[in-house]
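**Q**
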Amino acid sequence: MAKRMVVGVDSDASDLRQIAAQLEDQMYEMIISESAGDTLSLIEKINPALIIVSIDLADMSYIEFCRQARAITTFPFLLLVNHIDVNVVFDALRIYADDFITKPLDAAELAVRVKYVLSRVPTWTQGHQQRIHVDDYLQIDFRHHTIYAGGTSHKLTPTQAHLLRLLIDNAGRVVENERLIAYVWPSQHVNTETLRVHIFRLRQKIEKDAKNPKYIRTQRHSGYIFDLWVQH
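See the structure below:
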């Protein structure tokens, strides 16, 4: 069985280096970096299964790192913190991170957290698949920005493709408004009303009835969820 790639970035990566060998014994291959900028360049090339990111980065804030990383791909984040700062952890989990772990690192606990986070990623998103057969009604071809809904093809705009990519990669889980905005419009000031309009236009191409959506459901005052179990 091929090892799954995990990338760790911390301004002081000594803790990560100490537990890397133990993680690799559990079918993970780990790449460690002390530079956020270098890590951003790296993940564009290797598309890891997960990234462990410290709140203590030397060359940019962890929020900025996560924002830029989300514009590249949608792998899950595990946040590395020195202590449990409720505000930091809450903000990170609300917008970017999927889970967190505190220093000093324990290899066994980290392995459990990594396994848990990856277990929540739908099988079809592992490897960032370009063609996805959701069900007999809906198929998606990300490579050609095309969806097939009820036998009819529709072209996706780049914005629609990015929105759908993030929702699909987190299928069954709520994706918060802030996270969608940061992923699709990383360097623009976009509000939730603009997001709502783009979601509605995407629904018009996917849903049988855009005003009564089954695939892309709204979580009131929170975000959106892509439903895996649509009953036709």
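Residue numbering for the sequence shown follows my numbering, starting at 150 and increasing by one per position.
Where a beta carbon is used, it is the ideal one built from N, C-alpha and C, also for glycine.
State the start and end residues of the unbroken alpha helix (DSSP H) segment that holds residue 160.
**A** Unbroken run through residue 160: none, as it is neither H nor E.
**Q** What's the C-alpha gap between residue 374 and residue 364?
**A** Each residue's alpha carbon lies about 8 Å from the other.
**Q** In chain order, what are the residue ranges of uninterrupted alpha helix (DSSP H) at least 4 long that sit wholly in the region 191–220?
**A** Here the runs fully enclosed are 211–219.
**Q** Do you know how far the Cα of residue 259 is from the Cα of residue 206?
**A** Between residue 206 and residue 259, the C-alpha separation is close to 19 Å.
**Q** In three-state DSSP terms, what is residue 252?
**A** Residue 252: coil per DSSP, three-state reduction.
**Q** Leaving out five residues on either side along the sequence, give the residues of the same chain with a beta carbon under 7 Å from the beta carbon of residue 282.
**A** These residues qualify, in order along the chain: 288.
**Q** Determine the closest residue to residue 199 out of 266, 359, 190 and 182, with distance taken between C-alpha atoms.
**A** When each option's Cα is compared against that of residue 199, the closest is 266.
**Q** Candidates 309, 324 and 254: which alpha carbon is nearest residue 355's?
**A** Checking every option, the nearest Cα to that of residue 355 belongs to 309.
**Q** Report the start-end ranges of each alpha helix (DSSP H) in the region 256–313 that is 4 residues or longer and not cut off at the edges.
**A** List check, alpha helix (DSSP H) in window: 256–268.
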